[in-house]
Structures are given as structure tokens and as C-alpha cells.
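Asks:
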């Protein structure tokens with residue numbers, strides 16, 4: 002593993018090497034054993050990790066209790082949830098197919114564009130013409 | 021008479037239908053407390069407020085923490101977390117446990133709301149930058165406490181400079197017991213895209229907190 006890819010992986014996966022995939026972990030440990038620069042990078046990544054673990058804001062217990070009672074109050078006053086309409090059920094059922102549908106639409110649009118831009122009235126030519134150029138076509142079998 | 025009155029209420033038909041389709045509700049609170057999230061959501065979808073209250077009890081802390089870490093302001097985070105639970109209640113009949121776990125679905129709701137809220141707020145600094153100011157350990161000496169407080173303030177300012185989606189990625193990455201796949205699903209991105217968000221976020225944080233560093 003090179004220093005650059007080690008640095009990228011440190012940023013993507015964090016400095017806890019035990020959470021890295023096995024192969025990358027072994028390569029990273031080998032690099033750390035030989036490179037002082039890699040060890041410095043790892044040290045800085047660990048410092049940031051520690052700062053985030055200690056410093057990310059935590060809600061206090063009173064705020065959590067306020068949230069629970071506030072939600073309970075609002076839910077008690079809110080109307081019962083409405084069942085999905087036919088259209089919503091249909092949308093929910095079709096939503097997993099949206100990427101494939103978009104892909105199909107793009108493919109169709111590309112075909113339409115290609116057909117529209119193709120030179121009009123071009124002679125079709127002999128579809129078997131490329132076979133005539135092959136050496137064995139002139140010789141009897 | 022009571023039956024005729026119930027049927028005359030607007031929306032009574034669907035409620036009757038929903039109750040027929042829904043799983044049988046438990047008799048007592050203990051049975052609800054033992055139930056899984058998906059089961060509680062099925063009951064909530066049929067109008068069981070007590071079942072939904074248990075879901076709120078279970079997940080309020082994490083939902084609030086995620087909102088707080090994206091928004092940086094305690095009051096805004098509480099509002100957003102309340103809205104997220106209300107939306108979950110309203111959407112309960114549409115929740116499909118076959119497509120996502122309840123926690124992933126709920127995290128997605130709160131993160132979308134918090135990110136939208138942060139974007140609407142724009143470049144204004146959050147009102148509650150003091151959220152992390154009172155955290156230093158009182159057992160340490162005054163100099164250590166001051167340095168720790170300054171470090172926390174610098175971290176909060178650096179986090180606030182991140183785009184909301186990168187803050188959300190950081191918030192998910194530091195949630196205990198949340199896998200990378202679940203975190204990516206909560207942000208509606210691939211695991212690779214989540215890694216990209218985390219990479220950019222960490223680079224930016226380090227550049228702000230450790231400007232003398234080499235990377």
C-alpha cells in the first residue's frame with residue numbers, strides 16, 4: 002500500500018484498523034511498520050477521531066425527556082394516520098424500478114436521436130459483404 | 021346506535037378496514053414493550069398510539085442526537101426530532117418492514133429534515149454554538165479545562181463549516197452499533213458515496229483544526 006492510498010483510506014474508514022477489511026489492514030500494518038510518515042498520518046487521524054468522539058454534541062437527559070413528552074402530546078392530539086391511497090401504493094410499489102426505468106428511457110432517447118441524425122436514404126448495401134473479404138469464401142469447400 | 025355513529029364519522033370506513041387487516045393489538049403494555057419495532061409500527065399504522073409511544077421511548081435519544089449533530093443547535097434539533105416522529109406516525113401505515121428496518125427508515129426521516137433545515141438556515145451560524153461549551157471535565161485544572169473548552173469550540177466551529185450532508189455522515193459514523201451499510205441507507209447513498217462524504221469531511225475538519233498538518 003502506498004502512502005497516498007493509506008491516507009485516503011484513513012479518511013474514509015477512520016483510524017481504527019481493526020474495522021478495515023482484512024487485506025487492507027494487513028497492508029496498512031506493513032506500511033506503518035516501515036514508514037514514519039504513515040505513522041504520523043495515523044497519529045493525526047487518531048487525534049481527530051478522539052476529538053470527534055469526545056466533542057460531538059450530546060443531547061442532555063432533560064432534552065430527551067422533553068422530546069418524549071412533546072411527541073406524546075402531539076401524537077395524542079394528531080389524527081390517526083391515514084391509510085395509503087391507491088396512487089401512493091402504486092408509487093411505493095414502482096419506486097424500486099425507477100433507476101431501471103430511467104435507464105430504459107435514456108437508451109430509447111439515444112436510439113431515437115441516433116435514428117434522427119442518421120443520413121436519410123443511405124443505401125442499405127449487401128449485409129453479407131464483409132464475408133466476401135474473408136480468404137476462404139473464394140475457394141471451394 | 022354506537023355502530024351507526026362510528027360509521028357516520030369521516031374516515032371511519034378505512035379505520036375499520038385497517039383494523040381488520042392489522043395484526044391483533046396486544047392486551048397490555050407489557051406485551052407492547054416486548055414487541056419488535058416492525059410489530060409496533062404495524063400496530064401504530066392501525067392507530068395504536070401506545071405502540072408508537074414505545075417506539076418514541078426507544079429511539080428518542082438517538083434521533084435527537086442525530087438532529088443535534090447535523091444542526092448544532094439544541095432547540096432546533098428538538099423541533100426537528102419532534103417533526104420526524106410526527107411524520108413517522110403519519111406515515112406508519114405505509115411503512116414496509118420488507119424494504120427497510122424501522123431504525124433506518126426513521127434515521128432517514130430525521131436526517132432529511134435536519135439537512136433541509138440546515139440548508140434553509142444557510143450560512144447563518146447556529147444559535148446554540150454553546151451546546152458543547154459546558155462539557156469540559158470539572159476534575160481537571162483550570163488551564164486544562166480552558167484548553168479543552170477552546171478545543172471543543174474549535175471543533176464545533178469546524179463542524180459548522182461542513183456542508184450538512186457531510187455533518188450527517190460524521191454523525192452516523194460516530195453512532196455506536198450502526199453499520200456502514202445502515203448508515204449509507206439512512207443517507208440514501210451507496211457505501212462508496214458515504215465513504216466519499218466522510219473522506220471530504222475529515223479532510224476539511226483536519227484542515228481547520230490542524231492547519232499545520234501535512235495532509
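Chains as they are written, first to last, in the numbering used here: chain Y, 2 to 142; chain Z, 21 to 235.
Don't be surprised by glycine CBs; every beta carbon is placed ideally from N, CA and C.
What residue from Z:118, Z:100, Z:124 has the CA that sits closest to residue 137 of chain Z's CA?
Replies: For residue 137 of chain Z, the nearest C-alpha among the options comes from Z:100.
Asks: Indicate the three-state DSSP secondary structure (helix, strand or coil) for residue 57 of chain Z in the structure shown.
Replies: Three-state result, residue 57 of chain Z: helix.
Asks: Closer than 8 Å between beta carbons: that is the criterion. Which residues of the region 184-201 of chain Z meet it against chain Y?
Replies: Of all residues in the region 184-201 of chain Z, 190, 191, 193, 194 have a Cβ within less than 8 Å of some Cβ in chain Y.
Asks: For residue 127 of chain Z, I'd like the list of residues in its chain whose CB is within less than 7 Å of its CB, leaving aside the five on either flank, ordered along the chain.
Replies: Cβ within range, chain order: 86, 206.
Asks: Under the rule that 16 or more other beta-carbon atoms within 10 Å means buried, what is residue 102 of chain Y, buried or exposed?
Replies: It is exposed - the Cβ of residue 102 of chain Y has fewer than 16 other Cβ atoms within 10 Å.
Asks: Taking the alpha carbon of residue 145 of chain Y as the point to measure from, which residue in Z:230, Z:64, Z:223, Z:184 has its own alpha carbon closest?
Replies: The question about residue 145 of chain Y has no answer, for chain Y in this structure spans 2 to 142.
Asks: Determine, using beta carbons only, whether residue 81 of chain Z and residue 65 of chain Y come nearer to each other than 8 Å.
Replies: Yes, Cβ-Cβ distance for residue 81 of chain Z and residue 65 of chain Y is below 8 Å.
Asks: Look at residue 189 of chain Z and residue 227 of chain Z and say whether their C-beta atoms are less than 8 Å apart.
Replies: No, Cβ-Cβ distance for residue 189 of chain Z and residue 227 of chain Z is not below 8 Å.
Asks: Which class does residue 209 of chain Z belong to by DSSP, given the choice of helix, strand or coil?
Replies: Residue 209 of chain Z: coil per DSSP, three-state reduction.
Asks: Count the C-beta pairs between the region 28-47 of chain Y and the region 65-75 of chain Y that are closer than 8 Å, then say yes if the count reaches three, no if not.
Replies: With a cut-off of 8 Å, the region 65-75 of chain Y and the region 28-47 of chain Y do not count as touching, because too few Cβ pairs lie within range.
Asks: Can you tell me whether residue 35 of chain Y is helix, strand or coil according to DSSP?
Replies: Here residue 35 of chain Y sits in helix by DSSP.
Asks: Considering residue 92 of chain Z, what are the terminal residues of the alpha helix (DSSP H) in which it resides?
Replies: Unbroken run through residue 92 of chain Z: none, as it is neither H nor E.
Asks: Assign residue 89 of chain Z to buried or exposed, taking buried as 16 or more other Cβ atoms, counted over all protein chains shown, within 10 Å of its Cβ.
Replies: Result: buried.
Asks: Would the beta-carbon of residue 98 of chain Z fall within 8 Å of that of residue 84 of chain Z?
Replies: In contact: residue 98 of chain Z and residue 84 of chain Z (Cβ atoms closer than 8 Å).
Asks: Taking the runs of the alpha helix (DSSP H) that are 4 residues or longer, which of them lie wholly in the region 97-141 of chain Z?
Replies: You should have 122-141.
Asks: At least one CB of chain Z closer than 8 Å to the CB of residue 59 of chain Y: is that the case?
Replies: Interface residue, yes.
Asks: Given a threshold of 16 other Cβ atoms within 10 Å of its Cβ, counted over all protein chains shown, does residue 88 of chain Y qualify as buried or as exposed?
Replies: Flag for residue 88 of chain Y reads exposed.
Asks: Using the Cα positions of residue 133 of chain Z and residue 104 of chain Z, report the straight-line distance between them to the nearest angstrom.
Replies: Rounded to the nearest angstrom, the two C-alpha atoms are 7 Å apart.
Asks: Residue 133 of chain Y touches chain Z at which residues, Cβ-Cβ below 8 Å?
Replies: Ordered by position in chain Z, no residue passes the 8 Å Cβ test against residue 133 of chain Y, which lies about 49 Å from the chain.
Asks: In terms of alpha-carbon separation, which member of Z:225, Z:53, Z:58 lies closest to residue 119 of chain Z?
Replies: Looking at the Cα atoms, Z:58 is the closest of the given residues.
Asks: In angstroms, rounded to a whole number, what distance separates the CA positions of residue 180 of chain Z and residue 92 of chain Z?
Replies: For residue 180 of chain Z and residue 92 of chain Z, the distance between alpha carbons rounds to 7 Å.
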